[in-house]
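Student: Respectively, the protein sequence lines represent chains A and B.
The first sequence begins at 1 in the working numbering and counts up by one.
The second sequence begins at 114 in the working numbering and counts up by one.
Each residue gets a CB set at the ideal place from its N, CA and C atoms; glycine is no exception.
What follows is a single structure, and I will ask about it in a moment.
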Amino acid sequence: GDSVTQMEGPVTLSEEAFLTINCTYTATGYPSLFWYVQYPGEGLQLLLKATKADDKGSNKGFEATYRKETTSFHLEKGSVQVSDSAVYFCALIRGSTLGRLYFGRGTQLTVWP
Amino acid sequence: DTGVSQDPRHKITKRGQNVTFRCDPISEHNRLYWYRQTLGQGPEFLTYFQNEAQLEKSRLLSDRFSAERPKGSFSTLEIQRTEQGDSAMYLCASSFDRAETQYFGPGTRLLVL
Chain A
1 GDSVTQMEGP VTLSEEAFLT INCTYTATGY PSLFWYVQYP GEGLQLLLKA TKADDKGSNK
61 GFEATYRKET TSFHLEKGSV QVSDSAVYFC ALIRGSTLGR LYFGRGTQLT VWP
Chain B
114 DTGVSQDPRH KITKRGQNVT FRCDPISEHN RLYWYRQTLG QGPEFLTYFQ NEAQLEKSRL
174 LSDRFSAERP KGSFSTLEIQ RTEQGDSAMY LCASSFDRAE TQYFGPGTRL LVL
């Protein structure tokens with residue numbers, strides 16, 4: 001069945017460090033891919049998305065490229081800030097049905113000043 | 114646009130009691146989703162509605178769980194005879210019909226003692 005695998009956390013970085021959070025997926029057909037972020041005490045917020053192979057989603061300095069050949073959608077940011085501390089979730093939705101989202105387990109990121 | 118709202122935000126109950134949660138979606142959205150998130154895990158799909166119709170239910174949704182969306186606007190999720198294993202964050206999301214992006218509410222945190 002459809003599934004998402006994320007690198008395990010927690011990830012701890014110093015401010016201005018480079019961030020990569022790995023995400024790979026298994027899906028039938030042509031899914032759309034997402035990164036959601038959950039700040040402490042808040043609900044999930046969409047960070048970025050990509051709907052087809054080779055698309056790059058970007059927002060707030062974060063980027064992820066939909067790689068069909070490696071079934072991956074890794075999240076990157078060139079210079080993290082303390083305010084980026086949160087839990088990041090990779091997710092997919094089947095393009096054919098657009099029903100449920102399938103989420104990874106989440107990666108906790110902590111950025112120190 | 115006031116976003117997705119959920120009520121209550123927190124609920125503590127004793128094992129065996131019934132609880133009911135409410136979700137108000139973004140007003141133009143005709144799809145509404147319920148997910149459950151346990152500590153350290155990503156959200157897991159429970160069920161979703163298109164207008165009043167419940168289109169899909171997960172196997173996670175046991176007989177003790179029931180969801181309704183009687184007028185195609187707000188939805189309720191009821192858990193009967195709660196068990197300690199029901200302790201989790203219950204998330205609601207909404208979207209336009211056939212749209213990929215789901216917008217999440219802040220969640221209802223349930224603790225069963």
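Based on Cα-Cα distance, which residue from B:187, B:191, B:201 and B:192 lies nearest to residue 144 (chain B)?
Tutor: Here residue 144 (chain B) is taken as the residue at index 31 of the second sequence, counted from 1. Nearest C-alpha to residue 144 (chain B): B:187.
Student: Could you tell me which of A:8, A:110 and A:57 sits nearest to residue 23 (chain A), measuring between CA atoms?
Tutor: As a position in the first sequence, residue 23 (chain A) is number 23, starting the count at 1. Measuring from the Cα of residue 23 (chain A), the nearest candidate turns out to be A:8.
Student: When you compare the CB of residue 198 (chain B) with every CB in chain A, is at least one pair closer than 7 Å?
Tutor: The sequence position of residue 198 (chain B) within the second sequence is 85, counting from 1. For residue 198 (chain B), the answer is no, since every Cβ of chain A falls outside 7 Å of its Cβ.
Student: Per DSSP, residue 181 (chain B) is paired with what?
Tutor: Your numbering for residue 181 (chain B) matches position 68 in the second sequence. The partner list for residue 181 (chain B) (beta bridge, DSSP) reads B:189.
Student: In or out: residue 100 (chain A) buried (at least 16 other Cβ within 10 Å) or exposed?
Tutor: Start at 1 with the first residue of the first sequence, and residue 100 (chain A) comes out as number 100. By the neighbour-count rule (16 or more Cβ atoms within 10 Å), residue 100 (chain A) is buried.
Student: For residue 106 (chain A), return the contacting residues in chain B, with the cut-off set at a CB-CB distance below 8 Å.
Tutor: As a first step, residue 106 (chain A) must be located in the first sequence, where it is residue number 106. Per Cβ cutoff of 8 Å: 153, 154 and 155.
Student: Interface residues of chain B around residue 21 (chain A) at Cβ under 7 Å?
Tutor: Against the first sequence, residue 21 (chain A) aligns to sequence position 21. The contacting residues do not exist; residue 21 (chain A) stays about 13 Å from chain B at best.
Student: Using beta-carbon positions only, say whether residue 49 (chain A) and residue 41 (chain A) come within less than 7 Å of one another.
Tutor: For the purposes of this step, residue 49 (chain A) is taken as residue 49 along the first sequence, with counting starting at 1. For the purposes of this step, residue 41 (chain A) is taken as residue 41 along the first sequence, with counting starting at 1. No, these two residues do not count as a Cβ contact at 7 Å.
Student: Mind checking residue 39 (chain A): buried by the 16 CB within 10 Å criterion, or exposed?
Tutor: Taking the first sequence and counting its residues from 1, the one referred to as residue 39 (chain A) is at position 39. It is exposed - the Cβ of residue 39 (chain A) has fewer than 16 other Cβ atoms within 10 Å.
Student: Since I believe residue 17 (chain A) is in contact with residue 87 (chain A) (beta carbons under 8 Å), could you give me their beta-carbon distance rounded to a whole number of angstroms?
Tutor: One-based indexing of the first sequence puts residue 87 (chain A) at position 87. One-based indexing of the first sequence puts residue 17 (chain A) at position 17. Actually they are not in contact, since the Cβ atoms of residue 87 (chain A) and residue 17 (chain A) sit about 18 Å apart, beyond 8 Å.
Student: Could you tell me whether the Cβ of residue 121 (chain B) comes closer than 7 Å to any Cβ of chain A?
Tutor: Taking the first residue of the second sequence as position 1, residue 121 (chain B) is located at position 8. Not an interface residue.
Student: Looking at the structure shown, is residue 85 (chain A) part of a helix, part of a strand, or coil, going by DSSP?
Tutor: Position 85 of the first sequence holds residue 85 (chain A). In the structure shown, residue 85 (chain A) sits in coil (DSSP, three-state: anything other than H, G, I, E or B).
Student: Which one or two residues does DSSP pair with residue 202 (chain B) in a beta bridge?
Tutor: Taking the second sequence and counting its residues from 1, the one referred to as residue 202 (chain B) is at position 89. B:150 and B:222, per the DSSP bridge assignment.
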